[in-house]
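Everything on this sheet refers to the single structure shown next.
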Amino acid sequence: MDRPDQTTHFGFRDVPLGDKQTLVNDVFHSVASRYDLMNDLMSAGLHRAWKDIMINKLNPPKGDAPFALLDVAGGTGDIAFRAAKAAGTGFGATVCDINTEMLGVGRNRALAQHLDQQVSFVEGNAEALEFPDRAFDAYTIAFGIRNVPRIDAALKEAYRVLKPGSRFLCLEFSTVDVPGLDRLYDFFSFKVIPPLGRAVTGDADSYQYLVESIRKFPRPSAFAEMISTAGFSRVKWESLSGGIVALHSGWRL
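Residue 218 in numbering that gives the first Met the number 0 is what sits at position 219 of the sequence shown, and the numbering runs on without skipping anything.
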């Protein structure tokens, strides 16, 4: 149980642990309608390549064998749609997100892409998933784990809902490890992205939080240790684009 005096970070600010989820929700309420457009602008389209790498690692089956994916914090449906298009007729995805506005965007996109029969949307909290034990064949989370107040609780829930022999995949911003690129990346993050967010969404503060949250996320080795502590085996990570992002994976064996 959380202590009343427990704190966590919200970007570079320390806030009561119980307040972080509400603050994060406010961020995504604000940016939901243009979230995917901002992803394109902030990454110069690279987020598409990173997500394609994630789907290649997932490698959903191409046939009619049942395969159930749980995509957490994926409200706009981007990962689920990519997986559905790469998979066979037995594929089905459940997108679970705590933010109503993000889910609304995802549902509309599913209808527009005629994927509403393969991809469903459920409001829920990554720290307390309302799904039975051993229900899914894979769990994905892309650029969402750093916004969860209790990351260890979310990882334990991921382990719980996966079937034995199933895979956990997490795509998240990481630690830039190329000399020179790190300074350029910091300049772009703090001097370009918040003003860009103001211009596109009318909200600079939310994007200030998002770039700060990247710096507060554990380094890849520390996050891999957290995944192992949750119970996963064969845990590893792959740095992409000079360490701007990392693709983490583990197996429930």
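Where is the CB? At the ideal position from N, CA and C, for every residue including glycine.
{"Check": "Identity of the residue in Leu102, Pro131, Phe80, Val121 nearest histidine 113 by Cα", "Outcome": "Phe80"}
{"Check": "Selected residue, minimal CA-CA separation from alanine 153, among Thr139, Asp185, Lys215, Asn107", "Outcome": "Thr139"}
{"Check": "C-alpha distance - leucine 281 paired with glutamine 5, whole-angstrom precision", "Outcome": "For the chain, the structure presents residues 0 to 252; residue 281 sits outside this window and is missing."}
{"Check": "Own chain partners of phenylalanine 11 with C-beta closer than 8 Å, once the 5 adjacent residues on each side are dropped", "Outcome": "Glu211, Arg214, Lys215"}
{"Check": "Endpoints, alpha helix (DSSP H) assigned at valine 199", "Outcome": "192–200"}
{"Check": "Through-space distance from glycine 17 to methionine 0, alpha-carbon basis", "Outcome": "In this prediction, methionine 0 scores a pLDDT of 49, lower than 50, which makes its location untrustworthy; the coordinate-derived value is nonetheless stated afterwards. Taking the straight line from one Cα to the other gives about 11 Å."}
{"Check": "Reduced DSSP secondary structure (H/G/I, E/B, other) of valine 147", "Outcome": "coil"}
{"Check": "Run of the beta strand (DSSP E) containing phenylalanine 90, from where it starts to where it stops", "Outcome": "90–96"}
{"Check": "For asparagine 124, the three-state DSSP class (helix, strand or coil)", "Outcome": "strand"}
{"Check": "Test item: CB-CB of leucine 195 and leucine 57 under 8 Å", "Outcome": "no"}
{"Check": "C-alpha gap between alanine 221 and glutamate 237, whole angstroms", "Outcome": "14 Å"}
{"Check": "Isoleucine 52 versus serine 42: straight-line alpha-carbon distance, rounded", "Outcome": "15 Å"}
{"Check": "Under the three-state DSSP convention, the category leucine 252 falls into", "Outcome": "coil"}
{"Check": "Cβ shell of threonine 99 (< 7 Å), same chain only, five flanking positions each side left out", "Outcome": "Glu122"}
{"Check": "Touching by the beta-carbon criterion (3+ pairs, under 8 Å), the stretch 158–173 and the stretch 239–246", "Outcome": "yes"}
{"Check": "Of the residues Gly249, Ala134, Leu209, the one placed nearest glycine 91, counting alpha carbons only", "Outcome": "Ala134"}
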